[in-house]
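Participant: One structure, as C-alpha cells, below. Some questions next.
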Amino acid sequence: MRYDYLVLIGRFQPFHNGHLTVLRHALRLADKVIVLVGSAGQPRTTRNPFNAGERAVMIRAAAGDEAGRLIVQPLRDRLYNETVWVADVQRLVAETLEADGAGPETKVGLIGRDKDGATGAYLAAFPQWPLVDVQHTDVLSATELRAWLFSGEAGALRLVEANTPPAVFEMLEAFRAGSPAYAQLAREDAFMRAYRQSWAAAPYAPTFVTADAVLVHSGHVLLVRRRAEPGKGLWALPGGFVNQDETVQAAAMRELQEETRVKLPPAVLRGSIKARQVFDYPGRSLRGRTITHAFHFDFPTGDLPKVRAADDADRVRWVPLSEAMLMEEQFFEDHFHILEHFVGGA
C-alpha cells in the first residue's frame with residue numbers, strides 16, 4: 000500500500016541503524032515521513048543526552064539526499080497523562096498536514112515495530128492510521144549505545160560506530176571529544192553505575208520511596224537547585240528519601256525545611272495541604288525504581304517567606320509560576336511534570 004505520509008514516533012537517543020532501517024522503509028512506502036521526536040524539552044541526562052534539535056540534525060544527516068522528504072517535529076513527554084500525549088500527536092500531525100497543504104483524501108499511516116511491552120504499546124493508540132509493522136533489526140539498542148558512549152571502556156566507540164550511521168557517529172564523536180555537556184554526563188553515568196552497584200548484591204532490585212513538596216505561595220513555587228549528582232545544577236522540588244521512622248507527609252515537610260529553611264511552622268504547613276499524589280512512572284529516576292509522594296502546599300496570598308539554601312541544595316528561590324512553566328529543560332527527573340499536574344499548564 001502506498002501512503003502520502005507515514006508517521007514515525009521515537010526518542011532516537013541516539014538515532015541508530017535500526018531507526019534508519021525503519022526510516023528507509025517508510026520513505027519507500029510514502030511520499031513524506033513525519034518524524035515526531037519524543038522527550039522534547041527534557042534536560043540533558045544519560046537517558047536523554049541530546050535535545051530535540053540535535054536529534055533532528057542526526058535524522059536529517061542520516062537520511063542524506065532523502066532529507067527533503069522528512070518533516071521533523073518535537074514531541075513532549077506527558078508522563079502522567081497519556082490522553083494528552085495522544086492528543087499532542089494527533090494535533091502535531093494535523094497541523095503538519097495542514098501546513099503542507101494536504102487534502103482531505105490524504106492517506107496517512109503509522110510506522111513502527113509492534114512489539115510487546117510499553118515501548119510498542121503506543122502504536123495501538125492511533126486506530127485511525129493503518130499500522131506498518133517493521134520487523135526487528137539486529138543492532139544494539141539506543142540504551143546499549145548510550146551505555147557504551149559514556150562508559151569510556153576500550154573499544155566502546157567501535158561498537159557505537161558499528162551501530163550508527165556515519166553522519167550520526169561523526170556527531171557523537173564531536174560531542175564526546177569537545178562538549179562540556181558530555182563530561183558532565185560521563186561523571187553522572189559513573190556515579191549512577193556506582194550507585195546501582197552498591198545494591199547489586201540484594202536478592203532483588205529495591206524500590207525506593209521519596210517525598211516531594213510543591214510549595215506554591217502567592218503565584219510562586221519554591222524550587223531548589225541540586226548540589227550534586229544525579230542532576231547536578233538542575234532545578235527540583237524540595238524532597239528526598241523517606242526515613243524508616245516517618246510518614247511520607249512528615250518526610251516531605253522535613254525535606255522542605257532542611258533544603259530551604261522556609262519560615263513556615265509545621266502546623267501551618269499541615270493546614271495548607273491542598274492535594275497529594277503518587278507519581279510512579281517506572282522510568283522516572285535513573286537511580287532505580289523510585290516512587291514519590293508529592294504534596295501540594297498552597298498559600299494563595301501574602302508576602303513570600305524568607306528561604307535559605309541548605310543540605311542538598313546549593314540555591315533556593317521563589318519562581319513565578321509563569322516562569323517555572325517555561326523551565327522544563329531545567330528540571331530534575333519528572334519534577335516539571337509533577338508541578339504541571341498540580342498547577343496546570345498542560
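According to numbering that gives the first Met the number 0, the residues represented by the sequence shown are 0 to 345, in order.
We treat Cβ as the ideally placed atom computed from N, Cα and C, and that holds for glycine.
(1) State yes or no: is the C-beta of Ala180 within less than 8 Å of the C-beta of Arg90?
(2) For Val355, does the three-state DSSP call read helix, strand or coil?
(3) Verify whether the separation of the beta carbon atoms of Leu233 and Arg225 is less than 8 Å.
(4) Can you tell me whether Val277 is buried or exposed, with buried defined as 16 or more other CB within 10 angstroms of its CB?
(5) Less than 8 Å separating the beta-carbons of Glu328 and Gly52?
(6) Using the Cα positions of Ala345 and Ala153, report the straight-line distance between them to the nearest angstrom.
(7) Just checking, does the stretch 297-317 make contact with the stretch 201-220 on the three C-beta pairs under 8 Å criterion?
(8) Can you check which of these residues, Pro13, Gly230, Glu65, is closest to Met57 by C-alpha distance?
(9) How is the alpha helix (DSSP H) around Thr248 delimited, first residue to last?
(10) Shorter than 7 Å, the distance from the beta carbon of Ala185 to the closest heavy atom of the ligand HEM, or not?
(11) Evaluate Phe341 with the Cβ neighbour count: other Cβ atoms within 10 Å of its Cβ, from every protein chain shown; 16 or more gives buried, anything less gives exposed.
(12) Looking at the unbroken beta strand (DSSP E) that takes in Gly238, where does it start and where does it end?
(13) I need the boundaries of the alpha helix (DSSP H) containing Ala312, first residue and last residue.
(14) Please list, in chain order, all residues of the same chain as Val346 whose beta carbon is under 6 Å from its beta carbon, the five residues on each side excluded.
(15) What ranges does the beta strand (DSSP E) occupy inside the stretch 93-169, keeping only unbroken runs of at least 3 residues that lie completely in it?
(16) Give the secondary structure of His15 by DSSP, where H, G and I count as helix, E and B as strand, and everything else as coil.
(17) Here's the rule: buried if 16 or more other CB atoms are within 10 angstroms of the residue's CB, otherwise exposed. What is Pro281?
(18) Which residues in the same chain as Arg145 place their Cβ atom closer than 8 Å to its Cβ, once the five residues preceding and following it in sequence are excluded?
(19) Taking 7 Å as the limit between beta carbons, can you name the residues of its chain near Tyr2, skipping five residues before and five after?
(20) Do Gly111 and Phe207 have their beta-carbon atoms positioned less than 8 Å apart in this structure?
(21) Could you pull the start and end residues of the beta strand (DSSP E) that Leu7 belongs to?
(22) From Pro384 to Ala189, what distance separates their C-alpha atoms?
(23) Roughly how many angstroms separate the alpha carbons of Leu5 and Arg186, rounded to a whole number?
Facilitator: Reading off the structure:
(1) no
(2) Shown here, the chain extends from 0 to 345; a query on residue 355 therefore has no answer.
(3) yes
(4) exposed
(5) no
(6) Residue placement at Ala345 cannot be trusted, given a pLDDT of 43 that sits under 50; what the coordinates show is reported in the next sentence. Straight-line Cα distance between these residues: approximately 45 Å.
(7) yes
(8) Pro13
(9) Note that residue 248 corresponds to Gln in the displayed sequence, not to Thr. Start and end: 247-259.
(10) Although the ligand HEM was asked about, the structure shown includes no ligands whatsoever.
(11) buried
(12) 238-240
(13) It is not in any alpha helix (DSSP H) - Ala312 instead sits in the beta strand (DSSP E) that spans 312-319.
(14) A query on residue 346 cannot be resolved here, the shown segment of the chain reaching from 0 to 345 and no further.
(15) 107-111, 130-132
(16) coil
(17) exposed
(18) Gln12, Pro13, Thr45, Arg46, Pro48
(19) Leu28, Ala29, Lys106, Val107, Gly108
(20) no
(21) 2-9
(22) The requested residue 384 does not occur in the structure, where the chain is confined to residues 0 to 345.
(23) 39 Å
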